[in-house]
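Q: full-length UniProt numbering numbers the first residue of the sequence shown as 1 and each following residue consecutively.
All residues carry an ideal CB built from backbone N, CA and C; glycine is no exception.
If you're wondering where the values come from, they're calculated on a predicted model, not measured in any experiment.
Pasting a structure below so you can have a look.
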Amino acid sequence: MSGTLGLSRLVGADLRHHRGSFVGVAVAVFVASALVTGLGVLVESGMRGGLAPERYSAVDVVVGAPQQVDVPEDLPVPLRERVPLPADAARDIAALPGVDRVVADVTIPLSLQDAGADADAGGSVLVEAHPWPSTALTGFELREGGEPAAADEVVVTAGSGLAVGDAVVLAHGGVPSEYRVVGEVAAPVMPERGAHVFLSERRIDQLDPHEGAAQALGVFVSGVDPEQTAGAIREAFPDLVARTGDARGDVEFLDSGAARSTLVAIGSAFVGTCILVAMFIVAGTLSLSVQSRRRDYALLRAVGASPSQVHALVAREVLWVSAVAVLLGIAPGYLLSTVLQAAFVSGGVIPGDFALATGPLPAVGAVLLVLASAWGAARIAAARVAKLDPVEALRESATGAPAIGLPRIITGIVLAAAGISVSTVPLVVRGQVAAGAAAGAAMLLIVALAVLGPWLVSLSVRLVGTVLRRSSSAGFLASANAAAHSRRLASAILPIALGIGLGLVQIGAPSIIAAEAATQASAGVIADLRVAAPSGLSPEAVDVIREMAGVAEASGVALSAAVVDSFDFEGKLERAEHVLQGVDPENIAHSLDLRVREGSLADLDGIATVAVSTDAAQTLGLGIGGTVVGHLGDGSPLKATVVAVYERGLGFGDLTMAAEEVRAHTTTGLDAFALVAVDEGATGEVRAALEARGLLVTDGSGQEAAGAGAHAQNGWVNLVALLVILGYIAIAVVNTLVMATGERSRELALLQLIGSSRGQVRSMMRIEAVLVAVIAMVFGVVVAIPPLIGVSMGISGQPIPALPVLGSFLIVGAMGALALVAMWVGTTATMRTRPIDEIGSRQ
1 MSGTLGLSRL VGADLRHHRG SFVGVAVAVF VASALVTGLG VLVESGMRGG LAPERYSAVD
61 VVVGAPQQVD VPEDLPVPLR ERVPLPADAA RDIAALPGVD RVVADVTIPL SLQDAGADAD
121 AGGSVLVEAH PWPSTALTGF ELREGGEPAA ADEVVVTAGS GLAVGDAVVL AHGGVPSEYR
181 VVGEVAAPVM PERGAHVFLS ERRIDQLDPH EGAAQALGVF VSGVDPEQTA GAIREAFPDL
241 VARTGDARGD VEFLDSGAAR STLVAIGSAF VGTCILVAMF IVAGTLSLSV QSRRRDYALL
301 RAVGASPSQV HALVAREVLW VSAVAVLLGI APGYLLSTVL QAAFVSGGVI PGDFALATGP
361 LPAVGAVLLV LASAWGAARI AAARVAKLDP VEALRESATG APAIGLPRII TGIVLAAAGI
421 SVSTVPLVVR GQVAAGAAAG AAMLLIVALA VLGPWLVSLS VRLVGTVLRR SSSAGFLASA
481 NAAAHSRRLA SAILPIALGI GLGLVQIGAP SIIAAEAATQ ASAGVIADLR VAAPSGLSPE
541 AVDVIREMAG VAEASGVALS AAVVDSFDFE GKLERAEHVL QGVDPENIAH SLDLRVREGS
601 LADLDGIATV AVSTDAAQTL GLGIGGTVVG HLGDGSPLKA TVVAVYERGL GFGDLTMAAE
661 EVRAHTTTGL DAFALVAVDE GATGEVRAAL EARGLLVTDG SGQEAAGAGA HAQNGWVNLV
721 ALLVILGYIA IAVVNTLVMA TGERSRELAL LQLIGSSRGQ VRSMMRIEAV LVAVIAMVFG
781 VVVAIPPLIG VSMGISGQPI PALPVLGSFL IVGAMGALAL VAMWVGTTAT MRTRPIDEIG
841 SRQ
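Take a look at the structure:
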């Protein structure tokens, strides 16, 4: 008991007398707490947040099909297409006790042709058509006119700019039809997402490629709690989902479930990275703090303190400081979550109206994770001083720590070799796996750099020192100081190198993949024109294009996604989403060149055949005759035989099937666009004829890579993550350098007392700052080179990576400038005290 009390008093005395040493630790922990809390809010929001209902706001229970494929021991994969409901679902649910009535809803995309509207092309705006009975789901009531009865009658919403009696042209899949406005409806709360019109049930059945099959069911209850009815529906129909309250938005909006999965994945990955970076930075800051108090620990060991007592002392000091800092970081963390939300909304990663969930769990998780990380960092920082022999400890308090030992050097070399080996993975496995391997290789090389840091810094200083010693007296002093305190320099250099290396890989790998995808997409389209419509193209519209004068070939292209099953080395089931495109195998010879290596696209026939990219073939271990197993975009089972393997997977997706089969399993049942080859000299006439029909026409060479939107979103996520991590590293670097410079106040005062001028001392510190910046930049770039070369060689076959030049220079330059700014701030603050006062204040 008395030992515990004595240790607590010693901890309190240390905290009082070495406040400067612990401020740096507190700042690092504070920022880590804010980051982990903010990211924790994103994870919790992925579990409990969502989109409030709009069109389904007036119904008690909304029923839909599950919009995800479950993955054992992993996050589910969201489905991009609307999963159809069983044909008899409405009838069976209506028979349950407490159910008053069931209303089915269907959404058909149409384009309203209005020459006065500001739209993407041809004066068309996208609207959603629904069957008339679905007005009850929102609480729409007629304000004027009547219900639609005939196939050419439409009811519009208030504020649409249309009046009863107006004639409008609504196109479905590029095929226009004229309608007459027969009514206008309004609801207490009008939907904000998109424009809506209502047609007769019969007309919806005619337009819907799925023959009017219900996409969602609205259940009105009578005399019972809606949640009770929802529970009864879930129990009676386990393959359906029933939602009440704000959760109704999950069924209404397909992007709600995707946003949930995205937030959980992003938040979890960010938290893990931030914890690793936090441990790295806190350990470095603590190491600097421990070095500044070597004399204290030496005296403790000399008077009989055991290694476990030194460990306990350091751990308690850190936990006391960290406990305060982590609690202070919680409130800013919740504010940070809103900043991250805005950033992800700006990049189109999540919908702008997705509501975050703010409960206490992120704060609790941050406290536990950050304190555990701080404790682990304390154990690492105290490991060496706790094991020192008392006599050796006293000697080091005066002369500084010796160079790192041979075992540590060997460990660092092994880690560096492992990082270089992992950098070669993209030469074998391509696609997103290559980017993941690059990130893993970068982390291994960064850890190797951390292990070898003091040794590498010492070597670098010796090489540069020969030049510095001959340059000037300030250069001589800077060289001598750097050589004597390479560990101190390493604590400042390594975080900067970490930021540069991680930053270059984070922006470089996606850039290399995106550049190659764009190249493949451009080279693979050999058609003259690309034709699209705001709501998509129907097969009938493609047939019309094909029959136009001057058109040699027209091929509709359907786009979707598939979730494909595979197994890892341990036999564990894995499921991943792949871009799926549908083509007309009889009409692509003059429109599309996927660079087929084996088999033939002409063999694509029905749902049982598929062509795969070389990337997918490698990842899934498939070849001609192999079987792709998984789920199509609407959850339907996929089991298809591989009949062709093609190279341009980054540009056109990993899977290709017959277009009619892909369309049948999409929400709209329409093609995304059509590729049109024209007769020589007829391009202008054909373009004009297509535009006259209200279609969007662009050059075929302007084709965007398949999945470009997803790649852009992933790139945005990486950018946000990079900015967050680099921001943390920047704070840590400034913190460390100011702290390290402050600890040298006695040294700088002594230099002035023995004859150095203030200008010479400042010049010495400037040279040291440049030395830190240059070495850190070189180390950071060297760490990034092997992974980036590996990705570039594996993806494009080019040894020189296609990096964003401006972004790369900004990362390297900004991180290097941090050293200059931080050391200038630290030097200015340290030299405010008169040298004689500073020398007299420390014993």
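Determine the burial state of L300: buried for a count of at least 16 other Cβ atoms within 10 Å of its Cβ, exposed for fewer.
A: buried
Q: Would you kindly report the start and end of the unbroken beta strand (DSSP E) that includes E680?
A: E680: not part of any beta strand (DSSP E); DSSP gives it neither H nor E.
Q: How long is the line joining the alpha carbons of A611 and V251, rounded to whole angstroms?
A: 33 Å
Q: For D208, which option in A150, V224, I413, H130 has the closest C-alpha, if you only look at C-alpha atoms?
A: H130
Q: Would a C-beta distance cut-off of 8 Å place P226 and D88 closer than the cut-off?
A: no
Q: Could you tell me whether the Cβ atoms of V505 and A439 are closer together than 8 Å?
A: yes
Q: What did DSSP end up calling A576 once you bin it into helix, strand or coil?
A: Looking at A576 - three-state DSSP - the assignment turns out to be strand.
Q: Measuring CA to CA, which of L170, P86, V99, V102 is closest to V125?
A: The candidate whose alpha carbon is nearest that of V125 is L170.
Q: Can you say whether A28 is buried or exposed, counting buried as having 16 or more other CB atoms within 10 angstroms of its CB?
A: Classified as buried, A28 has 16 or more neighbouring CB atoms from the shown chains inside 10 Å of its CB.
Q: Should the segment 260-279 be called in touch with the segment 130-146, which here means at least 3 C-beta pairs below 8 Å?
A: no
Q: Going by DSSP, what residues sit across from V642 in a beta bridge?
A: V610
Q: Is E81 helix, strand or coil when you go by DSSP?
A: Coil, per DSSP.
Q: DSSP has V564 in a bridge; who is on the other side?
A: Answer is A576, G630, bridged to V564.
Q: Reducing DSSP to helix, strand and coil, say where G826 ends up.
A: helix
Q: Quick check on the DSSP output: the beta strand (DSSP E) that includes G49 runs from which residue to which?
A: First-last for G49: undefined, no H or E at that position.
Q: Below 8 Å, can you find three or more Cβ-Cβ pairs linking the segment 235-251 to the segment 318-330?
A: Flag = no, the segment 235-251 and the segment 318-330 do not touch.
Q: Excluding five sequence neighbours on each side, which residues of the same chain lie with their C-beta closer than 7 Å to the C-beta of L638?
A: Cβ contact annotation for L638 (same chain, cutoff 7 Å, sequence separation greater than five): A562, V628, V629, G630, H631, L632, in chain order.
Q: Looking at the secondary structure, which residues open and close the alpha helix (DSSP H) in which E598 lies?
A: It is not in any alpha helix (DSSP H) - E598 instead sits in the beta strand (DSSP E) that spans 596-599.
Q: Where does D118 fall in DSSP's three states?
A: Residue placement at D118 is flagged as unreliable, the pLDDT there being 42, under the threshold of 50; a coordinate-derived value is accordingly withheld.
Q: In this structure, how does DSSP classify Q520 when only helix, strand and coil are distinguished?
A: In this structure, Q520 counts as helix in the three-state DSSP scheme.
Q: DSSP three-state call for S535: helix, strand or coil?
A: If DSSP states are grouped into helix, strand and coil, S535 belongs with coil.
Q: By the three-class DSSP mapping on this structure, what secondary structure does Y179 have?
A: strand
Q: Can you pull the DSSP bridge partners for R530?
A: L675, T698
Q: Which residue from D634, G635, A644, A302 puts its Cα closest to that of G626?
A: A644
Q: Secondary structure at T668, three-state DSSP: helix, strand or coil?
A: coil
Q: Taking only the alpha-carbon atoms, compute the straight-line gap between E570 and D70 and give it to the nearest angstrom.
A: 19 Å
Q: Which two residues bound the contiguous alpha helix (DSSP H) that contains M765?
A: 758-795
Q: Which word fits F270, buried or exposed, when buried means at least 16 other C-beta atoms lie within 10 angstroms of its C-beta?
A: buried
Q: Would you kindly report the start and end of the unbroken beta strand (DSSP E) that includes A659?
A: For A659, there is no enclosing beta strand (DSSP E); the enclosing alpha helix (DSSP H) has its first and last residue at 659-663.
Q: Are the Cβ atoms of T285 and V25 separated by less than 8 Å?
A: Yes, Cβ-Cβ distance for T285 and V25 is below 8 Å.
Q: Have a look at G621, T107, I607 and flag the residue whose alpha-carbon is nearest the alpha-carbon of S613.
A: G621
Q: Over the uninterrupted alpha helix (DSSP H) stretch that includes V303, give me the two end residues.
A: The continuous stretches of alpha helix (DSSP H) do not include V303, and DSSP gives it neither H nor E.
Q: Please state whether the Cβ-Cβ distance between V583 and A659 is less than 8 Å.
A: A659 is positioned such that its CB atom lies closer than 8 Å to that of V583.
Q: How far does the beta strand (DSSP E) with residue 844 in it reach, from first residue to last?
A: Because residue 844 is not part of the residues shown, which for the chain are 1 to 843, the question remains open.
Q: Can you tell me whether DSSP reads A705 as helix, strand or coil?
A: Looking at A705 - three-state DSSP - the assignment turns out to be coil, as it is neither helix nor strand.
Q: Span of the beta strand (DSSP E) holding S57?
A: Premise fails: S57 is in no beta strand (DSSP E) and is neither H nor E.
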